[in-house]
DNA sequence: ACGATGATGAAC
DNA sequence: TTCATCATCGTA
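Structure below.
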């Protein structure tokens, strides 16, 4: 069983999509080969009011893609050196996205983009084979009691929103558990 | 504990 | 145009 996730999978709020991404496979095509890595950690950024989300500042050139169609990539540069990979979620016009923070063997959002060669030139492109980066369901079911929800990382400035348990980790697959 | 390193958004 | 900030990571 191997099914490429389509926009309809992503067209729900980020806090719903994020835990469901655990156990799915991030697939990167390089040349004629593919590398598939199971997603083990993901974080939700959802809606107009989430102060941890870039969309809290409104629609700008950078965040425009978060308001766009679900199933597109949102890739941005942080701290001058790390690309962050997000998948846009939610209905069109509603800003939300899921940050892919970890995959098997690569723990950390900046490390995985570096290792997979993911940069901003994928920004606003659909997650598809044609663009060389997509997500597959390979039939793995992750029971709910194997998922840990914690507050998000690096968003202490977000007040009450920093407390939301919108970081999802597969049990036993990640080092940084608070 | 801290510096690297550059885009972003807001203030001036 | 300047400035503070930033969804991080490696080294100390």
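Residue numbers (the numbering used here): 5 to 182.
The beta carbon of each residue, even a glycine, is placed where N, CA and C say it ideally should be.
These numbers come from a predicted model, not from an experiment.
### Message
Three Cβ pairs or more, each shorter than 8 Å: is that satisfied between the stretch 118-134 and the stretch 18-29?
### Response
no
### Residue nearest to residue 81 in terms of C-alpha spacing, selected from 123, 171, 18, 102
123
### Query
What's the gap between the Cα of residue 135 and the Cα of residue 32?
9 Å
### alpha helix (DSSP H) segments (min. 4 residues) lying fully within the stretch 16-82
18-25
### Query
Exposed or buried, what is residue 23 when buried is set at 16 or more other beta-carbons lying within 10 Å of its beta-carbon?
buried
### Query
Counting Cβ pairs, one atom from each stretch, are 3 or more of them under 8 Å apart for the stretch 59-74 and the stretch 102-111?
no
### Query
Hey, how far is the Cα of residue 34 from the Cα of residue 154?
33 Å
### Query
For residue 114, which residues from the same chain have a beta carbon less than 6 Å from its beta carbon, with the 5 sequence-adjacent residues on both sides left out?
86
### Task
Apply the 10 Å Cβ neighbour rule to residue 6 and answer buried if 16 or more other Cβ atoms are within range, or exposed otherwise.
exposed
### Message
Would the stretch 149-168 count as touching the stretch 37-44 if we require 3 or more Cβ pairs under 8 Å?
### Response
no
### Message
Here's a check: name, in chain order, each residue in its chain whose Cβ is nearer than 7 Å to the Cβ of residue 55, leaving out the five neighbours to either side.
### Response
162, 163, 165
### Task
Taking only the alpha-carbon atoms, compute the straight-line gap between residue 89 and residue 101 and give it to the nearest angstrom.
10 Å
### Query
Quick one, which of 137, 53, 168 has its alpha-carbon nearest residue 8's?
137
#### Entry: Candidates 96, 84, 111: closest to residue 68 by CA position
96
### Message
Could you check whether residue 59 and residue 15 sit closer than 8 Å to each other, using their CB atoms as the reference points?
### Response
no
### Inter-residue Cα distance where the pair is residue 13 and residue 79
19 Å
### Task
Return the residue from the list 174, 176, 20 that minimises the CA-CA distance to residue 92.
20
### Message
Can you find the residues in the same chain that come closer than 6 Å, C-beta to C-beta, to residue 182, ignoring five residues on each side of it along the sequence?
### Response
Because the pLDDT of residue 182 is 45, which lies under 50, any placement of that residue in the model is unreliable, and the number read from its coordinates should be weighed accordingly. Only 154 meet the Cβ criterion.
### Task
Grab the span of the alpha helix (DSSP H) containing residue 119 for me, first residue to last.
113-120
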